[in-house]
Amino acid sequence: MFHVHDLWEEKATYSMHNLHVKEEWVLRLATHPNLLAPLKAILGPNMILLDSRFICKYPVGAEEEKEAFVAWHQDARYWGLEGDVVSVWMAVDDADDDNACMQVIPGTHKNGILKHVTESKEGNLLSTNQTISQELYDTSKAVSCPVKAGQMSLHHGLLVHGSGTNRSNRRRCGYVIRYVSTTARPIEDPDRPRSFPATVLVCGKNTNQNSFEDNSPEWFTWRE
26 MFHVHDLWEE KATYSMHNLH VKEEWVLRLA THPNLLAPLK AILGPNMILL DSRFICKYPV
86 GAEEEKEAFV AWHQDARYWG LEGDVVSVWM AVDDADDDNA CMQVIPGTHK NGILKHVTES
146 KEGNLLSTNQ TISQELYDTS KAVSCPVKAG QMSLHHGLLV HGSGTNRSNR RRCGYVIRYV
206 STTARPIEDP DRPRSFPATV LVCGKNTNQN SFEDNSPEWF TWRE
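So this is what it looks like as structure tokens:
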């Protein structure tokens, strides 16, 4: 029997990636002036939307022993980037400690890119199964970042962050958008080649030869 929930979960896991180059309403959301204003204050007037995805963390149940967590990591290392990176979490659902909202370790963005190793614990949702070496961070300093649906949080590409297993009875869904300054560039890594097929220059000009193509849809006519 077909269930709408099954379709949603499949799309949330596999297909809801880079919709900003396919759906106009998504790109309008990702380029809304109220969103771009704080980003431009951080990254400057020339900015690229690198990647976006809807991420849904479904509850595993309070009694389940299995884990489904996001290990401590840095976005700049995960994505293989050098330069200024800001990640946005735009809440579709309320996110709090009960349904495993994001946690961050304040100040860690000042430490540069940290050594990442293979996560030994099962259940890591990061596709590379990486985590930061435990001796390089202090989880006792971690703070939660709860947000209500419709709110957003921004964090630096070098900030150490992660999230636990959702043991509530509620989904935790958010729209995650990655922005970079046009001065940023991808790092060549033969062990993990990366591609960025949905980069869009969202404001200003890209005067730097940083290997990011402008994949703007032809209907994107409102660039600042």
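If you read the sequence shown in my numbering, its first letter stands for residue 26, the second for the next number, and so on. By construction, the Cβ of each residue, glycine as well, lies at the ideal position given by its N, Cα and C atoms. Nothing here was measured: the structure is a model prediction, and the numbers come from that model.
- I157: not part of any alpha helix (DSSP H); member of the beta strand (DSSP E) spanning 155–157, first to last residue.
- The C-alpha of C198 is placed about 11 Å away from the C-alpha of A125.
- For H42 and L161, the gap between their C-alpha atoms comes out near 31 Å.
- Only buried fits N235, as 16 or more other CB atoms lie within 10 angstroms of its CB.
- In the three-state reduction of the DSSP assignment, N149 falls in the strand class, which pools E and B.
- Annotated three-state conformation of H45 is helix, per DSSP.
- Leaving aside the five residues that flank S158 on each side, the residues in its chain whose CB is nearer than 8 Å to its CB run, in chain order, L139, K140, H141, V142.
- Per DSSP, the continuous alpha helix (DSSP H) segment holding L64 begins and ends at 58–68.
- Here A116 is not near Q155, since their CB atoms are 8 Å or more apart.
- Taking all protein chains in view, the Cβ of G86 is surrounded by fewer than 16 other Cβ atoms within 10 Å, so the residue is classified as exposed.
- Ranked by how close their Cα comes to the Cα of D163, the residues T153, A62, V185 have V185 in first place.
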